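For reference, the structure is listed below as structure tokens.
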Amino acid sequence: MTHAPLHPYATIKNAFWGGLRDALGTPAIVLGASMVGFGSLMQEDGWTIWHGLFSTITTWALPGQIAMVELYHAGASLFVIVLAVGLTNARLLPLTVTLFPIIRNPTTPKWVYYPLAHLVAATGWIGAMRRNPTLPREQRLPYFAGFALLLWGVSQFAFVFGFYLSRSVPLPVSLGLMFLNPLYFALLFTQDLRHRGRILSLLLGALSGPVLYKIIPDWSLLIAGLGAGTLAFAVDRALPARGPRTRSAAKADDA
Numbered sequence: 007m008t009h010a011p012l013h014p015y016a017t018i019k020n021a022f023w024g025g026l027r028d029a030l031g032t033p034a035i036v037l038g039a040s041m042v043g044f045g046s047l048m049q050e051d052g053w054t055i056w057h058g059l060f061s062t063i064t065t066w067a068l069p070g071q072i073a074m075v076e077l078y079h080a081g082a083s084l085f086v087i088v089l090a091v092g093l094t095n096a097r098l099l100p101l102t103v104t105l106f107p108i109i110r111n112p113t114t115p116k117w118v119y120y121p122l123a124h125l126v127a128a129t130g131w132i133g134a135m136r137r138n139p140t141l142p143r144e145q146r147l148p149y150f151a152g153f154a155l156l157l158w159g160v161s162q163f164a165f166v167f168g169f170y171l172s173r174s175v176p177l178p179v180s181l182g183l184m185f186l187n188p189l190y191f192a193l194l195f196t197q198d199l200r201h202r203g204r205i206l207s208l209l210l211g212a213l214s215g216p217v218l219y220k221i222i223p224d225w226s227l228l229i230a231g232l233g234a235g236t237l238a239f240a241v242d243r244a245l246p247a248r249g250p251r252t253r254s255a256a257k258a259d260d261a
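So the mapping is simple: my numbering equals the position in the sequence shown, first residue as 1, plus 6.
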């Protein structure tokens, strides 16, 4: 990801373009590669390009989209598909709940937040959360809008590219490309070791996930994610703070 300057932008418009520029590097490349893989997968499973574009434009949540394609291919009922996609995309709720109080601006009309909530995804969330402490409140929402809109637009083009490229890309490669984005998201969390809770949640999730998959494969991901995150939060709260730097960093994140 492009390293953002440690000072505010000159204007609100500059904050929007700053978010767009920051997303144009590694975030767009990684997410684009994942959407290329998804486009290839949809072609392989017999979906039309219009199905894929509609899914990407209206849902824009790759894990849920993959669940939809795979369950439909397996012959699952509509109820099961909707339930699985809903559970998968429920992960976006805590991202929205934690981000919007930080980027909310009293002068912004309330209706603006509804279309912007549609753009909340893991990559855009972490990009905004890393930049927010260095921006005044009135520049945070435009920055997120620029960052997320660029990624959303890239996703459409990358999906179309992958859909028509499917005959040239082996299925294992397509599947591997789709895992680049969650891996990138996890690596971003490890860059800032001040946030002990983040590191704990990653470690606990990485350790418990494979074990739970052997025991209960259908629910292992959900249990590992919810359990590891909850346990990491509890442990982080129970342990003493590591010093003034940690407290100031936490205050900056909540500002």
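For every residue, glycine included, the Cβ atom is placed at its ideal position computed from N, Cα and C.
Bear in mind that the values here come from a model prediction, so they are computed numbers and not experimental data.
Can you say whether residue i is buried or exposed, counting buried as having 16 or more other CB atoms within 10 angstroms of its CB?
{"i": "Pro-148", "result": "buried"}
{"i": "Ala-68", "result": "Sequence check: residue 68 is Leu here, not Ala. Leu-68 comes out buried."}
{"i": "Arg-173", "result": "exposed"}
{"i": "Gly-235", "result": "buried"}
{"i": "Ser-83", "result": "exposed"}
{"i": "Leu-37", "result": "buried"}
{"i": "Thr-113", "result": "exposed"}
{"i": "Pro-33", "result": "buried"}
{"i": "Ala-230", "result": "buried"}
{"i": "Gly-52", "result": "exposed"}
{"i": "Tyr-120", "result": "exposed"}
{"i": "Thr-64", "result": "exposed"}
{"i": "Phe-239", "result": "exposed"}
{"i": "Gly-159", "result": "exposed"}
{"i": "Phe-165", "result": "buried"}
{"i": "Ala-29", "result": "buried"}
Roughly how many whole angstroms lie between the Cα atoms of residue i and residue j?
{"i": "Ala-244", "j": "Ile-87", "result": "39 Å"}
{"i": "Phe-44", "j": "Arg-27", "result": "25 Å"}
{"i": "Ile-108", "j": "Lys-116", "result": "15 Å"}
{"i": "Ala-16", "j": "Asn-111", "result": "17 Å"}
{"i": "Gly-31", "j": "Trp-56", "result": "28 Å"}
{"i": "Phe-22", "j": "Phe-153", "result": "8 Å"}
{"i": "Pro-142", "j": "His-13", "result": "9 Å"}
{"i": "Glu-50", "j": "Tyr-170", "result": "10 Å"}
{"i": "Met-48", "j": "Asn-20", "result": "38 Å"}
{"i": "Pro-216", "j": "Glu-144", "result": "43 Å"}
Taking DSSP as the reference, what is the three-state secondary structure of residue i?
{"i": "Tyr-119", "result": "helix"}
{"i": "Ile-229", "result": "helix"}
{"i": "Val-126", "result": "coil"}
{"i": "Leu-245", "result": "coil"}
{"i": "Pro-223", "result": "coil"}
Any chance you could list the alpha helix (DSSP H) runs of at least 4 consecutive residues sitting entirely within the stretch 133-197, in chain order? 143-171, 177-184, 186-195
Can you check the stretch 77-120 for any alpha helix (DSSP H) of at least 4 residues that lies completely inside it and give the ranges in chain order? 84-95, 98-109
What are the start and end residues of each continuous alpha helix (DSSP H) run of 4 or more residues lying completely inside the stretch 10-73, in chain order? 18-29, 32-50, 55-64
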